[in-house]
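This report concerns only the one structure given below.
Residue numbers (the numbering used here): 2 to 478.
Laid out in C-alpha cells, this is it:
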C-alpha cells in the first residue's frame, strides 16, 4: 500500500496533467458536445400539434345552383320572390318617437293590396278588449304619397267571412299616442278565421301565416337593427283567435309556429304581459286562390313545398319508400254533397279492368289529421269528386297523380294548378249532376253520376301514367 504522502502526490500530478490538456483544447476552440458525448441517434420530442387549417369551402359551378324556371309572374306569387317583394314594401306608420307599428304590402292582383302588420310592445286593455300600441300616426311623406303608399287603417283590406287585417285591426288594436311602448315578453298572432272545418280554407290561412312569419324573419326592424322575428321566438308565441268558432279538426296546425297554448281574446285579462302583435296575411289573400278559375303555367312553388315540409315535421309523418309493385290508389268518399252514384260498383269495375291497381275507399272524416297525412303519404294516386278532400294533393309524395271528377260544367282549376306546382300528374273529367238543387250553387249539392266505361277509362289512364314511376316498370299499353 502506498504511503499517504505518495497517494496525495499522485492525485495532484493527475490534476495538473488534466488542467494542462484542457488548456491546450481551449486554445483550439470551444468544445463540441460531439467530441465527448456518445454518438447516440437523437430522439426528437414530438412537435407541438398545429391545428389543421380548414380548407375553404368552394362553391359549385353556377349550373348546379337551382334557378327558378317559372316566369316572373309565377315567382312573384308562388316563389321566394313573393317574400322578397313583401319585405321591400314595409312602411312604418308611427312617428320616430313612437315607432311601434309597421305593415308590409303585397300586390299580386289589380283588385287590391294585401297587408300583414307587426306591432311592438303592446299592452292588453281589458276594458276595451283590445291591444293598445304606443303609436302616434305620422303623415305620409310627399314621396310616399307619390308612390301611392297605402294608409292605415283605411287601406287595410277586408275579406270574405269578415276576415283579414282590417277586420282584425278594427276589432282588436288601438293606436294610442299617450301609451308607452313596453318591453315585450311574448308575441301574439291575432287571427280571425274563416271557419274551422274546411281543410282547403284552413290551409290557405295557415299558408298565409307561414309566409307572414317568413317575411318578418328576413326583414330588419329599423329601430333595433334586428329581424322583426327570430325562429327562437316560437316558444314564447301564442295564437289568439278573435272568432267564436269551435276548435275544429285542424286546430293543431296553428301550433306550427306558436308553441304556447292557443287562446281566445275573450279569455284575456288585464294582467297579460306586454307583447308584440302580428296581423298575418289573410287566407283570402293567398295567391293559390288566384288559380281557381284560370289555367296557370306555373310549375314550382318553394313556398308551398316549405309549408308541406313544416306540416309533415310537426306531425312526424315520414315518407315510406315506394316498395309496392302495384299503384296504390285512394278514392275519397263523400257522404253528404257531391257523392258519386254507384261508387262501389264503379270501383269494383276499375279493379277488374285496370292492371296493377290497388284501390281503396277512404272517408277522411273518420281519421285524425295526423292519420290522414300518413294515409296520403302512402298513396300514389288520389281520386275524388271535387271537394276539400282533394286538398291532400298538397301532401302526396313526389311523383304522384291526382284524378278530379268535376260536376256538370264546373270549371274549377285550383287542384289542377296545385298539382302542377308540386310536380304531380293531373287527370280530370266532368260528370253529370243528379239531384234537385238548382241555380249557380247546384254543383255544390247535387250528386254526380258516371258511366262505367267513362270511369274505368279515367282510372286506367291515370294508373298507366304511373307504370314507370319508382320501382315499377310496366308496359303502358
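Where a beta carbon is used, it is the ideal one built from N, C-alpha and C, also for glycine.
- Message: Using the Cβ count rule (16 or more neighbours within 10 Å means buried), how would you classify residue 203?
- Response: On the chain shown, residue 203 is found 202 positions in, with the first residue counted as 1. Per the 10 Å Cβ criterion, buried.
- First and last residue of the uninterrupted beta strand (DSSP E) at residue 177: Along the chain shown, one-based indexing puts residue 177 at 176. That run of the beta strand (DSSP E) goes 174–177.
- Message: Taking the alpha helix (DSSP H) that residue 451 belongs to, which residues open and close that run?
- Response: As a position in the chain shown, residue 451 is number 450, starting the count at 1. Note, residue 451: premise wrong, no alpha helix (DSSP H); not H, not E.
- Task: List the DSSP bridge partners of residue 228.
- Result: If you number the chain shown from 1, residue 228 lands on position 227. In DSSP, residue 228 forms a bridge with 221.
- Item | Segment contact flag, the segment 158–178 with the segment 190–208, C-beta cutoff 8 angstroms, min 3 pairs | yes
- Task: Give the range of the beta strand (DSSP E) segment to which residue 408 is assigned.
- Result: Locating residue 408 in the chain shown gives position 407, counting from the first residue. Unbroken beta strand (DSSP E) run through residue 408: 402–408.
- Task: Give the secondary structure of residue 474 by DSSP, where H, G and I count as helix, E and B as strand, and everything else as coil.
- Result: In the chain shown, counting from the first residue as 1, residue 474 sits at position 473. Reduced to three states, the DSSP call for residue 474 is coil.
- Query: Candidates 136, 106, 155: which alpha carbon is nearest residue 217's?
  - Reply: In the chain shown, the residue the question calls residue 217 occupies position 216. Of the candidates 136, 106, 155, the one whose C-alpha sits nearest the C-alpha of residue 217 is 106.
- Message: Taking its Cβ as the centre, do 16 or more other Cβ atoms sit within 10 Å of residue 294, making it buried, or is it exposed?
- Response: To locate residue 294, count along the chain shown from 1; it is residue 293. That one is exposed.
- Message: Residues in the same chain with beta-carbon distance under 7 angstroms from residue 348, minus the five sequence neighbours each way, listed in chain order, please.
- Response: Mapped onto the chain shown, residue 348 falls at position 347. For residue 348, where only same-chain residues beyond five positions count, the Cβ hits under 7 angstroms are 332, 360, 362.
- According to the Cβ coordinates, are residue 194 and residue 246 closer than 9 angstroms? Counting from one through the chain shown, the residue named residue 194 turns up at place 193. Counting from one through the chain shown, the residue named residue 246 turns up at place 245. Yes, the pair counts as a contact, with Cβ atoms nearer than the cut-off.
- Cα-Cα, which of 383, 402, 208, 119 is closest to residue 176? Position 175 of the chain shown, counted from the first residue, corresponds to residue 176. For residue 176, the nearest C-alpha among the options comes from 119.
- Taking C-alpha atoms, which residue in 420, 156, 185 lies nearest to residue 381? Counted from its first residue, the chain shown places residue 381 at position 380. Ranking 420, 156, 185 by Cα distance to residue 381 puts 420 first.
- Message: So, does the segment 57–76 touch the segment 86–103, judging by three or more C-beta pairs under 8 angstroms?
- Response: no
- Message: Rounded to whole angstroms, what is the Cα-Cα separation between residue 470 and residue 413?
- Response: Taking the first residue of the chain shown as position 1, residue 470 is located at position 469. Taking the first residue of the chain shown as position 1, residue 413 is located at position 412. Near 28 angstroms, if we compare the C-alpha coordinates of residue 413 and residue 470.
- Which residue or residues does DSSP assign as beta-bridge partners of residue 442? Locating residue 442 in the chain shown gives position 441, where the first residue counts as 1. Per DSSP, none; premise fails for residue 442.
- Item | Euclidean distance between Cα positions of residue 153 and residue 452 | Counted from its first residue, the chain shown places residue 153 at position 152. Counted from its first residue, the chain shown places residue 452 at position 451. One C-alpha to the other measures close to 56 angstroms.
- If you run the structure through DSSP and keep just helix, strand and coil, what is residue 376? For the purposes of this step, residue 376 is identified with residue 375 of the chain shown, where counting begins at 1. Of the three classes helix, strand and coil, the one that applies to residue 376 here is helix, per DSSP.
- Identify every run of the alpha helix (DSSP H) within the segment 55–129, keeping only runs that are complete inside it and at least 4 residues long; order them along the chain. 73–79, 81–88
- Cβ-based neighbour list, residue 110, same chain, cut-off 8 angstroms, excluding 5 preceding and 5 following: Mapped onto the chain shown, residue 110 falls at position 109. Once the five neighbours on either side are set aside, the close Cβ partners of residue 110 are 291.
- Should residue 314 go down as buried or exposed, given a rule of 16 or more other Cβ atoms within 10 Å for buried? As a first step, residue 314 must be located in the chain shown, where it is residue number 313. By the neighbour-count rule (16 or more Cβ atoms within 10 Å), residue 314 is not buried but exposed.
- Minimum length 3: unbroken beta strand (DSSP E) runs contained in the segment 309–384: 328–333, 358–363
- Item | Boundaries (first-last residue) of the alpha helix (DSSP H) holding residue 135 | The residue labelled residue 135 in the question sits at position 134 within the chain shown. Residue 135 -> not in any alpha helix (DSSP H); beta strand (DSSP E) instead, spanning 131–135.
- Message: Please report the straight-line C-alpha distance between residue 386 and residue 448, rounded to a whole angstrom.
- Response: As a working mapping, residue 386 is identified with position 385 in the chain shown. As a working mapping, residue 448 is identified with position 447 in the chain shown. Spanning the two alpha carbons is a distance of roughly 10 angstroms.
- Task: Throw me the rounded Cβ distance for the residue 248 and residue 197 pair, which I believe falls under 8 angstroms.
- Result: As a first step, residue 248 is located in the chain shown; it is residue number 247 there, counting from the start. As a first step, residue 197 is located in the chain shown; it is residue number 196 there, counting from the start. Right, their Cβ atoms sit about 6 angstroms apart.
- Message: Would residue 328 and residue 473 be called neighbours here (beta carbons separated by less than 9 angstroms)?
- Response: What you label residue 328 is simply residue 327 of the chain shown in a count that begins at 1. What you label residue 473 is simply residue 472 of the chain shown in a count that begins at 1. Yes. Within cutoff.
- Item | Nearest residue (CA-CA) to residue 220, options 169, 104, 308, 312 | Looking up residue 220 in the chain shown gives position 219. Minimum Cα distance to residue 220 is reached at 104.
- Can you give me the start and stop residues for the beta strand (DSSP E) that residue 191 sits inside? Here the question's residue 191 lines up with position 190 in the chain shown. Segment 187–192, the beta strand (DSSP E) holding residue 191.
- Message: For the beta strand (DSSP E) containing residue 239, name the first residue and the last one.
- Response: On the chain shown, position 238 is the one that residue 239 refers to. Where residue 239 is concerned, the enclosing beta strand (DSSP E) stretches over 238–242.
- Query: Are the beta-carbon atoms belonging to residue 133 and residue 180 less than 9 angstroms from one another?
  - Reply: One-based indexing of the chain shown puts residue 133 at position 132. One-based indexing of the chain shown puts residue 180 at position 179. In this structure, residue 180 lies closer than 9 angstroms to residue 133 by Cβ.
- Collapsed DSSP secondary structure at residue 275 in the structure displayed: For the purposes of this step, residue 275 is identified with residue 274 of the chain shown, where counting begins at 1. Correct three-state label for residue 275: coil.
- Report, in whole angstroms, the separation of the C-beta atoms of residue 444 and residue 411, which I expect to be a contact under 8 angstroms. Working through the chain shown from its first residue, we reach residue 444 at position 443. Working through the chain shown from its first residue, we reach residue 411 at position 410. Indeed, because the Cβ distance is near 5 angstroms, the residues count as touching under 8 angstroms.
- Task: Go ahead and label residue 100 buried or exposed: buried means 16 or more other beta carbons lie within 10 angstroms of its beta carbon, across all protein chains shown.
- Result: What you label residue 100 is simply residue 99 of the chain shown in a count that begins at 1. Per the 10 Å Cβ criterion, buried.
- Message: Within 10 Å of its beta-carbon, does residue 435 have 16 or more other beta-carbons around it, so buried, or fewer, so exposed?
- Response: In the chain shown, the residue the question calls residue 435 occupies position 434. By the 10 Å Cβ count, residue 435 comes out exposed.
- Would you say the segment 337–351 touches the segment 275–287, given that touching needs at least three Cβ pairs under 8 angstroms? no
- Give a yes or no on contact between the segment 182–190 and the segment 270–278, applying the rule of three or more CB pairs nearer than 8 angstroms. yes
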